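To convert a position in the sequence shown, counted from 1, into the working numbering, add 5. For each residue, glycine too, the CB sits at the ideal point set by N, CA and C. These numbers come from a predicted model, not from an experiment. Down below is the structure, laid out as structure tokens.
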Amino acid sequence: MNDFSEALSSYERALQIRQKSLPSNHPDLITTYNNIGLINYNMGNYPKAIAAYEKAFQSQEQSLPANHPNRAIYYNNIGMVYNNMGDYANALASYEKALHIRQKTLSSNCPELAIPYNNVGMVQYTLGDYAKALASYEKVLEIQQQNLPPNHPDLGDSYNNIGMVYFTMANYPKALSYYQKALEIKQDSLPPGHLSLGTTYNNLGMVYMNMGEHRKALSAHENALQIRQQSLPSTHSDLAMSLGHIGNVHHSMGEHKKALSYCQRAVEIAHQTLPSQHPHVQWYRKILQDVEKQL
């Protein structure tokens with residue numbers, strides 16, 4: 006955080022100097038506003054980030070054609086801030102403006118369109134508009150399939166995103182199919198202990214659990230836990246998640262003694278890393294209570 010604060014102070018000093026000596030639409034001034042916006046974004050100062058990005062945009066708006074790429078960059082930056090603020094309606098509106106600008110200037114399957122489609126899909130999913138999110142993520146996948154090698158990690162991420170939508174829609178066979186494709190690609194393209202593999206194993210475990218495939222769910226969650234134990238601090242919330250899932254599977258299989266230690270560890274870690282009212286903490290507690298009743 007100190008590095009961000011020092012960088013922000015430097016950019017603000019540079020801004021004061023440049024405001025006195027440069028015209029309001031000078032590229033160096035615009036770059037400085039954007040840098041101030043980015044630093045504030047990284048520091049979580051979202052209103053200040055928006056103000057800086059808007060200054061950058063206002064400084065060049067009059068001289069930019071309607072479909073200039075810099076307009077898309079501005080809307081994307083603003084969308085990121087709104088998304089992190091939880092203002093998803095404004096985030097979606099901003100991301101859609103960025104996408105529309107890029108659609109007018111790029112071919113329909115240009116690789117540069119993948120990111121704005123993905124951003125739109127991400128917010129649509131968050132807002133619960135799953136059909137639209139699915140269409141956006143499928144467009145990302147289509148673009149990537151035409152521009153990337155078949156085992157590129159980005160394809161794995163897209164299969165994972167589509168699987169996530171199907172999982173949320175309770176279409177578990179479809180979710181399983183996409184998660185399995187994601188896993189195959191990530192196994193081919195990433196180191197064995199990469200955290201992204203842990204996420205995909207976790208997702209597979211949840212699908213198997215909802216399909217009643219307890220042994221497969223247990224294996225998937227154990228793989229996720231092994232990867233996360235190798236790569237994450239001992240109190241990381243993702244470890245609690247894997248432990249909680251493993252405990253829940255054992256509990257569902259009637260193996261309550263095995264479930265107990267996993268659930269206890271999940272609750273212990275979660276209490277150190279998450280607010281007491283966090284949904285995950287409450288879920289771990291509930292599983293633990295249910296297990297204890299069976300002993």
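The DSSP-derived three-state label of Pro154 is coil. With three or more CB-CB distances shorter than 8 Å, the segment 13-24 counts as touching the segment 33-47. Here DSSP, grouped into helix, strand and coil, assigns Gln269 to helix. In terms of Cβ geometry, Val170 and Leu195 do not form a close pair [threshold 9 Å]. The segment 45-72 is shown to contain whole alpha helix (DSSP H) runs of 4 or more residues at 51-66, in chain order. Pairwise C-beta distances place the segment 268-276 out of contact with the segment 218-226, as fewer than three of them are shorter than 8 Å. Nearest Cα to Leu132 within the set Ala96, Leu202, Gln299: Ala96. In the structure shown, Pro284 adopts helical secondary structure according to DSSP, grouped into three states.
In this structure Ser64 is buried. Its beta-carbon is surrounded by 16 or more other beta-carbon atoms within 10 angstroms.
For Asn176, no alpha helix (DSSP H) run applies, since DSSP gives it neither H nor E. Approximately 7 Å separates the beta-carbon atoms of Thr278 and His241; this is inside 8 Å, confirming the contact. In chain order, Val145, Ile148, Gln149 place their CB closer than 7 Å to the CB of Ala119, counting only its own chain and leaving out the 5 sequence neighbours on each side.
C-alpha of Ile44 to C-alpha of Asp92: approximately 20 Å in a straight line. Per DSSP, reduced to three states, the secondary structure at Thr205 is helical.
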